[in-house]
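> Residue numbers (this note's numbering), protein chains in the order written: chain Y, 11 to 560; chain L, 296 to 823. Just so you know, even glycine gets a beta-carbon here, dropped at the ideal spot from N, CA and C. Predicted, not measured: the structure shown is a model, and the values here were computed from it. Next up is a structure, given as structure tokens.
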């Protein structure tokens with residue numbers, strides 16, 4: 011008997027050790043779905059950040075796909091009306107995923123309101139594996155996760171259930187690509203200052219208007235036959251079938267999951283509000299383009315099941331500025347768009363729901379971070395030369411500003427341009443500088459170098475805090491074509507005609523913006539690689555989260 | 296694949312349930328748990344396959360019972376009549392003939408007929424269609440799981456009963472367990488039922504050490520199969536799947552890799568099988584005895600797939616060699632052509648029979664025929680020309696007792712086996728010819744440093760894993776030659792022991808080839 015007990019104890023100890031090592035290794039090999047991972051950026055922060063929130067402290071939870079993820083900023087809402095919320099939307103979040111995140115979320119919070127973006131009601135399937143895994147892998151092992159994994163496996167192979175519960179079996183071959191980040195992940199800051207919202211400064215103006223979108227949709231609806239004429243191996247075939255080109259039917263499976271979500275909300279005494287973040291895009295190219303027909307269909311569905319619905323595109327008087335509000339031509343919002351959408355939503359919520367507005371000291375700290383990131387984001391989105399330079403002068407005095415011109419920057423600099431440069435401390439008189447090269451370095455509000463020449467000019471130095479070597483080169487109109495702003499061996503200049511500016515945060519060793527204003531032309535157009543600049547923002551944001559946030 | 300693969304999670308779960316049930320029921324009925332588990336395991340491969348194995352097991356069991364019954368009757372009569380010597384033999388003869396004509400031959404015809412039908416009907420029909428140029432195969436030929444293995448074992452058992460080497464198993468259910476026993480059904484070893492039944496009938500108490508040792512052997516098997524063999528498989532599949540794209544030394548590397556691959560795959564599987572069985576307290580015969588340490592091809596085949604070799608020796612080689620016809624023919628040859636030719640003849644006939652059957656066992660293509668012929672010739676020539684080889688060695692003053700020469704013999708055996716792989720690994724004779732042509736078309740030494748080798752499914756880290764893995768297996772094999780490695784580990788203190796176990800388990804979990812982007816690969820010998 012004693013020996014048997016010894017055996018049992020040994021086996022238990024061995025299994026205990028095994029489990030501990032298993033979970034430790036699993037943690038290391040799990041992909042880190044956050045910056046600098048380019049594929050998913052902050053995916054794993056969304057849920058892990060949620061777990062960090064104080065219990066029962068949130069009033070609103072929002073769900074949905076990337077439309078919601080990029081379209082609603084809880085911090086904007088908090089700043090405006092003091093209501094705490096958390097954006098739990100994830101990329102292509104299908105309704106079953108929403109349901110299980112909601113179940114998980116309700117373990118720690120008792121929100122008054124759940125807001126769900128309805129894009130997922132039009133999904134034809136429940137999405138790719140990664141879409142589920144972003145979420146699954148952020149959840150600790152629990153009954154909910156087991157059910158979630160089971161649901162996941164129903165749509166995959168039978169092995170995916172086990173690999174969803176124990177992702178080590180799925181990612182074991184990542185041993186080849188492990189890096190420092192994988193080992194230091196244990197110590198990373200889990201708090202997510204922006205409460206699930208993904209701030210972005212990517213920017214492509216809207217491609218079409220709401221009216222055009224709906225017209226295309228109507229044209230598509232009129233095509234009710236599928237026609238196919240083929241010549242193959244000398245044989246002619248003709249296939250004509252009844253089939254509509256534009257189908258707006260909501261699949262029963264999606265309704266089923268919506269009702270499950272509704273039931274859960276009612277059981278927990280939570281109000282459910284369906285909404286739609288505007289998406290104005292070609293309906294023939296993007297299935298999630300938000301056409302009016304879809305709106306009517308959802309409206310009807312909501313009436314049927316007695317669910318509140320507020321469509322920001324068709325129900326509100328929202329006048330979104332599609333020239334600047336979108337990150338990709340109308341499909342998703344950028345920071346400008348998110349600020350506006352949140353504002354409209356805020357007005358609606360204040361009017362229709364009794365939400366508690368309360369000062370929260372932790373949130374105030376997060377708000378500080380949010381504002382810091384937002385300020386940089388707004389700088390990166392700024393398109394007006396004078397406003398931009400004024401911002402540099404007023405808000406970026408503690409930063410290092412590198413200026414280099416290409417071909418000519420004086421032609422349409424104008425009085426206001428010369429004035430603003432003067433305010434920055436630049437002494438050069440540009441009134442007779444047509445076709446000249448120009449360089450300037452401003453450190454902590456002081457111009458430490460400026461030079462004007464009728465041929466190529468260069469300057470090199472070392473930054474004050476980060477001790478980075480930098481090298482600047484500018485070319486005149488008739489002398490060479492090279493322009494450089496190199497910091498620590500990396501080129502940052504836009505390298506376009508006009509005034510090229512790089513804003514560098516010396517203390518944090520991060521470039522904040524790289525822009526060129528074409529002061530050679532009258533409009534003083536802005537040139538910016540928004541994808542690259544957005545990466546600067548992400549790096550800055552990531553730095554703040556890891557080093558400075560609570 | 297159709298069955299619960301040994302390298303799947305399903306198998307681990309299945310096994311855990313079996314172990315828990317096995318040791319939680321009364322010791323007397325533990326074998327019933329194994330029987331039920333084995334039938335369930337078999338049913339997982341497809342319920343349609345079940346009738347074949349049931350029929351085979353019943354035919355063999357019934358025939359053995361009847362043969363034994365007739366023998367018992369004859370024995371009783373012999374005792375009653377107090378017969379001895381020649382009289383006894385003469386009296387016994389008609390009984391034996393009765394057994395042979397009414398039970399042994401019909402049973403063998405049925406059982407072997409089933410094997411031939413299941414294994415070769417498809418090929419024969421395809422050949423027929425190719426010749427006649429029309430017709431479609433209208434029915435599906437079912438190939439029962441492990442048909443070659445259980446048919447060979449069953450035939451061996453029936454012959455043993457017929458030859459009175461063993462007593463029959465009285466209970467059909469216990470006999471069925473021998474046939475169905477799940478660890479050995481897919482890939483062998485080819486078990487001898489007399490050895491197995493004793494173990495099923497003995498009292499299998501829970502033995503902590505046995506269970507631990509079994510698990511350790513399984514993990515080692517998984518290491519060989521999933522970490523080394525399947526990794527090598529990426530390379531060989533790429534090269535032999537795209538022969539026209541490669542040339543020169545790439546083929547040589549692929550052949551060497553394929554040699555290691557088949558060994559790691561097959562012996563790894565055997566470790567899993569024997570480990571599984573050991574957990575239940577059942578020892579299965581070894582199928583591998585470090586064949587790559589062999590100094591000759593004959594020795595190699597004694598140490599590689601040992602149970603198949605032993606089966607052929609007992610049920611083909613010896614019966615053929617000692618058959619009246621061969622003895623008579625040898626005598627005639629001796630009279631006409633002399634002693635040396637007669638010796639060659641008497642060795643060649645049984646050897647040819649064995650290698651002909653070995654070829655068929657491995658495959659029905661011409662490449663397997665040539666492969667069998669290749670080994671037959673090597674073994675025959677080394678047996679017959681032993682004296683001549685010795686003379687040649689003496690002429691060149693080669694000392695065959697030195698360590699260096701023995702190492703050369705080991706390398707030579709490895710090379711000969713690798714050449715054998717060249718005949719079958721590419722898939723068919725045309726492919727083999729293409730590989731040979733490709734191999735001699737270029738002496739591209741630069742592939743070792745120009746990155747070519749990293750474009751075949753393996754990167755630098757994979758090669759490191761392979762070489763380290765092979766080194767570990769070699770070290771373990773060297774230790775195994777002297778001692779039981781598991782016993783050696785068991786003597787260490789608990790900390791070292793557990794570190795070894797954890798490292799082994801997590802090596803398989805982390806470095807094993809499975810899961811996303813990798814289809815669980817079938818064990819190479821499971822097709823037989």
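Specify whether the stretch 382 to 389 of chain Y and the stretch 449 to 459 of chain Y touch according to this definition: at least 3 beta carbon pairs, one from each stretch, less than 8 Å apart.
Contact fails: fewer than three Cβ-Cβ distances are below 8 Å.
> From which residue to which residue does the alpha helix (DSSP H) around residue 424 (chain Y) run?
Note, residue 424 (chain Y): alpha helix (DSSP H), 424 to 433.
> How would you list, in chain order, the residues of chain Y whose beta-carbon sits under 9 Å from the beta-carbon of residue 316 (chain L)?
In chain order: nothing, as chain Y lies at least about 17 Å away.
> From the beta carbon of residue 529 (chain L), is the nearest beta carbon of chain Y less than 8 Å away?
So no, residue 529 (chain L) is outside the interface.
> Three Cβ pairs or more, each shorter than 8 Å: is that satisfied between the stretch 520 to 533 of chain Y and the stretch 479 to 490 of chain L?
The stretch 520 to 533 of chain Y, when compared against the stretch 479 to 490 of chain L, does not touch it at the 8 Å Cβ threshold.
> Using a beta-carbon distance cut-off of less than 8 Å, what residues from the stretch 34 to 45 of chain Y approach chain L?
The stretch 34 to 45 of chain Y vs chain L, Cβ under 8 Å: 35, 39.
> Just the C-alpha distance for residue 822 (chain L) and residue 560 (chain L), rounded to the nearest angstrom, thanks.
Bear in mind that a pLDDT of 48 at residue 822 (chain L), under 50, signals an unreliable position, so the model cannot answer this.
> So if DSSP puts residue 235 (chain Y) in a beta bridge, which residue, or which two residues, is it bridged to?
DSSP output for residue 235 (chain Y) lists Y:252 as bridge partner(s).
> So what does residue 343 (chain Y) bridge to, in DSSP terms?
Per DSSP, Y:336.
> Buried or exposed: where does residue 766 (chain L) fall if 16 or more other Cβ atoms within 10 Å of its Cβ makes it buried?
So residue 766 (chain L) ends up on the exposed side.
> Taking a cut of 8 Å between CB atoms, which residues from the stretch 16 to 29 of chain Y lie near chain L?
The residues in question are 17, 24, 27, 28.
> Taking only runs of the alpha helix (DSSP H) that begin and end inside the stretch 494 to 518 of chain Y, which ones reach a length of at least 4 residues, in chain order?
The stretch 494 to 518 of chain Y contains no whole alpha helix (DSSP H) run of 4 or more residues.
> Counting only beta-carbon atoms, is residue 520 (chain L) nearer than 8 Å to chain Y?
No, its Cβ sits nowhere closer than 8 Å to a Cβ of chain Y.
> For the structure I just gave you, are there three or more beta carbon pairs, one from the stretch 527 to 546 of chain L and one from the stretch 579 to 597 of chain L, closer than 8 Å?
The stretch 527 to 546 of chain L vs the stretch 579 to 597 of chain L: no contact.
> Is the beta carbon of residue 258 (chain Y) closer than 8 Å to that of residue 2 (chain Y)?
Outside the displayed span of chain Y (11 to 560) sits residue 2 (chain Y), for which this structure offers no information.
> Considering just the uninterrupted stretch of the beta strand (DSSP E) at residue 416 (chain Y), what are its terminal residues?
Element bounds for residue 416 (chain Y): 410 to 417.
> With residue 286 (chain Y) as the anchor, note down where its beta strand (DSSP E) starts and where it stops.
Taken as a continuous stretch (DSSP letters only), the beta strand (DSSP E) holding residue 286 (chain Y) covers 281 to 286.
> Within its chain, find whatever has a CB closer than 7 Å to the CB of residue 165 (chain Y); leave out the 5 residues flanking it on each side and keep chain order.
Cβ neighbours of residue 165 (chain Y) beyond the five flanking positions: 136.
> Less than 7 Å between C-beta atoms, sequence neighbours within five positions excluded: which residues of the same chain meet that for residue 341 (chain Y)?
So the list reads 289, 291, 296, once near-sequence residues are dropped.
> Would you report the Cα separation of residue 324 (chain L) and residue 444 (chain L), rounded to the nearest angstrom?
For residue 324 (chain L) and residue 444 (chain L), the distance between alpha carbons rounds to 26 Å.
> Within the stretch 346 to 406 of chain L, note down every full alpha helix (DSSP H) run reaching 4 residues or more, in order along the chain.
Fully enclosed alpha helix (DSSP H) runs of 4 or longer: 380 to 394.
> How many Å lie between residue 815 (chain L) and residue 302 (chain L) at the Cα?
Its pLDDT being 46, under 50, residue 815 (chain L) is placed unreliably in this model, and the value from its coordinates should be taken loosely. If you take the alpha carbons of residue 815 (chain L) and residue 302 (chain L), they lie about 7 Å apart.
> So with CB distances below 8 Å, who are the chain L contacts of residue 172 (chain Y)?
What residue 172 (chain Y) touches in chain L: 304.
> Verify the CB distance criterion: does residue 810 (chain L) have a CB-CB separation below 8 Å to chain Y?
Chain Y contact via Cβ: present.
> Identify, in the order they occur along the chain, each residue of the same chain with its Cβ nearer than 8 Å to the Cβ of residue 426 (chain Y), setting aside the five sequence neighbours on each side.
The residues are 396.
> Helix, strand or coil for residue 599 (chain L)? Go by DSSP, reduced to three states.
It is a strand residue.
> For a cutoff of 8 Å on Cβ pairs, would you count residue 166 (chain Y) as touching chain L?
Residue 166 (chain Y) does not count as touching chain L.
> Here's a check: name, in chain order, each residue in its chain whose Cβ is nearer than 6 Å to the Cβ of residue 214 (chain Y), leaving out the five neighbours to either side.
Same-chain partners within the cutoff: 338, 339.
> Looking at chain L, is there any beta carbon in it that lies within less than 8 Å of the beta carbon of residue 178 (chain Y)?
So yes, residue 178 (chain Y) belongs to the interface.
> Going by Cα to Cα distance, which pick from L:724, L:674, L:573, L:614 is closest to residue 660 (chain L)?
Selected option, being the one with the closest Cα: L:724.
> Identify whether residue 217 (chain Y) lies in helix, strand or coil by the three-state DSSP scheme.
In this structure, residue 217 (chain Y) counts as coil in the three-state DSSP scheme.
> For residue 665 (chain L), which residues from the same chain have a beta carbon less than 6 Å from its beta carbon, with the 5 sequence-adjacent residues on both sides left out?
Contacts found: 718.
> Under 8 Å by Cβ, that's how I've got residue 76 (chain Y) and residue 101 (chain Y) pegged, so tell me the actual separation to the nearest angstrom.
Indeed, because the Cβ distance is near 5 Å, the residues count as touching under 8 Å.
> State yes or no: is the beta carbon of residue 296 (chain L) nearer than 8 Å to at least one beta carbon in chain Y?
Confidence is the limiting factor: at residue 296 (chain L) the pLDDT is only 49, short of 50, which leaves the residue's position unreliable and the question unanswerable from this model.
> Between the Cα of residue 646 (chain L) and those of L:622, L:613, L:359, spot the shortest distance and give me the residue it belongs to.
Comparing Cα-Cα distances from residue 646 (chain L) to each of L:622, L:613, L:359, the minimum goes to L:613.
> May I have the straight-line CA-CA distance separating residue 538 (chain Y) from residue 544 (chain Y), to the nearest angstrom?
Those two C-alpha atoms are separated by around 10 Å.
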